[in-house]
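**Q**
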Amino acid sequence: MDIELGIQNVARTVTFSTEESAEAVNAAIAEAVENGRTINLTDDKGRRIVVPAGSLGYAIIGSETKHAVGFGNL
């Protein structure tokens, strides 16, 4: 699933893919914002993305479907 995080006062977005479900990502962001903590997410390469909840401008949580690429998938 693709995730895009917009951070206040930063021109570039943080974009990454994760194996977590949309519900898990949404819950992690909502809990961090509600409690004023950091948002801790892990991408599909094992890297950790840490964003202060107070700096989050927006979050776009993409679809969970895998898109086939290549001629063999027609």
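Read in our numbering, the sequence shown has 981 at position 6, and its numbers run on one by one without any break. Even glycine gets a Cβ: it sits at the ideal position worked out from N, Cα and C.
Using CA atoms only, rank isn't needed, just tell me which of GLU998, SER992, ILE1014, THR993 is closest to SER1030.
**A** It is ILE1014 whose Cα lies nearest to the Cα of SER1030.
**Q** Can you check which of these residues, ASN1001, GLU1009, ASN1010, is closest to LEU1016 by C-alpha distance?
**A** Comparing Cα-Cα distances from LEU1016 to each of ASN1001, GLU1009, ASN1010, the minimum goes to ASN1001.
**Q** Look at the alpha carbon of ASP1018 and the alpha carbon of GLY1032, and state the distance between them as a whole number of angstroms.
**A** The alpha-carbon atoms of ASP1018 and GLY1032 are separated by roughly 20 Å.
**Q** Between the beta-carbon of ALA1034 and the beta-carbon of ARG1012, is there less than 8 Å?
**A** No; because the gap between Cβ atoms is not below 8 Å, this pair is not in contact.
**Q** Would you mind stating whether GLU1006 and THR990 have Cβ atoms separated by less than 8 Å?
**A** No, these two residues do not count as a Cβ contact at 8 Å.
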